[in-house]
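Okay, so here's the structure we're looking at.
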Amino acid sequence: MNDFGIIFLSILFEALPFVLIGTIASAMIELFVSEQWVQNHLPKKEWIAYFVAGGMGLFFPICECAIVPVVRRLVKKGIPLGVAITFMLSVPILNPIVLLSTRYAFMNQPEMMWYRGLFGYAGAVMIGILVSNFLTKEDLVQETHTHTCSCGCGHHHDGKQQDVWSQEHNHSHVGEYDGILPAGHEHHIMEEEHSCTHGHAHGELIESVFSGSVILKSILSHTVAEFYEVGKFLIIGAGLSALMQVALPKQYWMQLSGNPIVSILVLMGLAFLLSLCSEADAFIAASLRGQFGGSSLLAFLIFGPMIDIKNTLMLATVFRKKALFRLILMIFSVCFVLSALAEYVIF
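Start counting the sequence shown at 203; every next residue gets the next number (my numbering).
Written out as structure tokens, the structure reads:
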């Protein structure tokens with residue numbers, strides 16, 4: 203039991219600073235940067251756009267759940283579906299805070315940061331190209347003008363889309379704490395496809411001039427809600443990782459690590475189930491170094507941010523069922539092949 207506590211707390215304390223930094227950066231990006239910026243900086247030639255979209259994650263420290271709703275908006279603005287998917291998959295991996303946390307978690311293996319970035323980028327571009335050949339805009343769920351937000355935050359979106367700071371963007375807060383914690387919102391605008399797990403609204407570029415206190419309050423509101431949501435998954439992941447290392451005998455891990463293909467599949471499954479924030483998953487992976495090889499850890503680090511239970515539920519509001527299944531199959535296949543390739547080429 204003592205070993206469990208040590209492992210659990212070490213993972214938690216190492217990951218929390220990066221999660222906090224990530225949630226603050228994510229809140230600021232969501233408030234100040236719109237998908238219009240992304241559209242303006244993508245090349246007109248589609249084949250080049252895949253590679254540029256894959257690298258845009260370096261400039262967007264945003265978690266997975268804030269990126270998913272952007273896909274439909276980008277597609278509506280004329281961005282090819284495959285390019286939008288490439289952007290969605292690369293951001294949680296190439297996010298600079300994620301790469302920094304990976305470097306810190308694998309202090310004795312700095313190359314893991316580079317492998318994660320390289321294979322994550324390659325995977326996102328490959329999946330985007332596959333999507334452009336096997337999925338179309340008709341595979342998207344038709345949006346309605348009045349809908350209940352699928353993120354579980356209690357939002358109701360209605361009317362015409364406007365800026366988050368617009369005076370017509372009315373909030374009804376239930377159970378607020380000093381005006382910071384948004385327990386429930388009602389939006390009398392049409393916010394395009396808000397489908398995350400955070401309990402906040404995602405804004406566009408600020409067009410109105412408001413006081414610094416209002417802006418600060420909104421940033422804090424986003425940060426607190428996101429940190430609370432991400433923290434739950436981190437605690438579950440850290441606890442499960444510690445339990446696995448303490449409860450399962452070493453002979454079991456030796457047999458498992460002896461088969462790299464099985465190890466890759468096991469950690470891909472674990473990444474899908476844990477639904478960890480990408481700012482924290484490197485610390486869970488690093489805690490499993492004694493039980494798993496480098497290729498399976500790499501699979502954990504690139505597959506989890508691309509698709510997990512949480513993302514699947516959000517993507518279900520964007521894609522039709524058959525299309526979502528094909529997308530998940532593409533993500534799984536590409537990540538598995540890349541990880542297996544890494545096993546025989548690098549590790």
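C-beta: ideal position from N, C-alpha, C; glycine also.
Burial is judged here by how many other beta carbons sit within 10 angstroms of a residue's own beta carbon; L445 has fewer than 16 and is exposed. About 7 Å separates the beta carbon of L436 from that of L214, a gap short enough to meet the 8 Å contact definition.
Per DSSP, reduced to three states, the secondary structure at L445 is helical. Within the model, the alpha-carbon separation for F527 versus I264 is close to 25 Å. The Cβ atoms of I466 and S489 do not sit closer than 7 Å to each other. For the pair D510 and S541, the CB atoms are not nearer than the 7 Å cut-off.
Here I250 is exposed: its Cβ has fewer than 16 other Cβ atoms, across all protein chains shown, within 10 Å. Straight-line measurement puts the Cα of F210 at about 44 Å from the Cα of N242.
The count of Cβ pairs closer than 8 Å, one atom from the segment 333-346 and one from the segment 314-325, stays below three, leaving the stretches out of contact.
The three-state secondary structure of F262, taken from DSSP, is coil. Among the bridge pairs identified by DSSP, F521 is matched with L342.
Residue nearest to R305 within the set Y454, A482, C537 and F262 is A482 (criterion: CA-CA distance). For R491, no alpha helix (DSSP H) run applies, since DSSP gives it neither H nor E. Boundaries of the alpha helix (DSSP H) around A255: E248 to G257. Take the alpha-carbon of R274 and the one of V520: they are about 7 Å apart. The three-state reading of DSSP puts F485 in helix, counting H, G and I together.
DSSP, read as helix, strand or coil, puts L467 in helix. Only residues of its own chain outside the window of five on either side were considered, and among them V464, S465, V468, Q493 and F494 have a CB closer than 8 Å to the CB of L458, listed in chain order. A straight-line Cα-Cα distance of about 12 Å links L418 and V426.
Residue burial annotation: A473 is buried, with at least 16 other C-beta atoms found within 10 angstroms of its C-beta.
Boundaries of the alpha helix (DSSP H) around L301: P298 to A307.
A distance of 7 Å or more separates the beta carbons of G284 and I504. The beta-carbon separation of I295 and G259, rounded to 6 Å, stays under the 8 Å limit for a contact. In the three-state scheme derived from DSSP, where H, G and I count as helix and E and B as strand, S480 is classed as coil.
Following the DSSP letters along the chain, one finds N335 inside the alpha helix (DSSP H) bounded by residues E313 to F336.
Around the beta carbon of S480, a 10 Å sphere encloses 16 or more other beta carbons of the protein chains shown; the residue is thus reported as buried.
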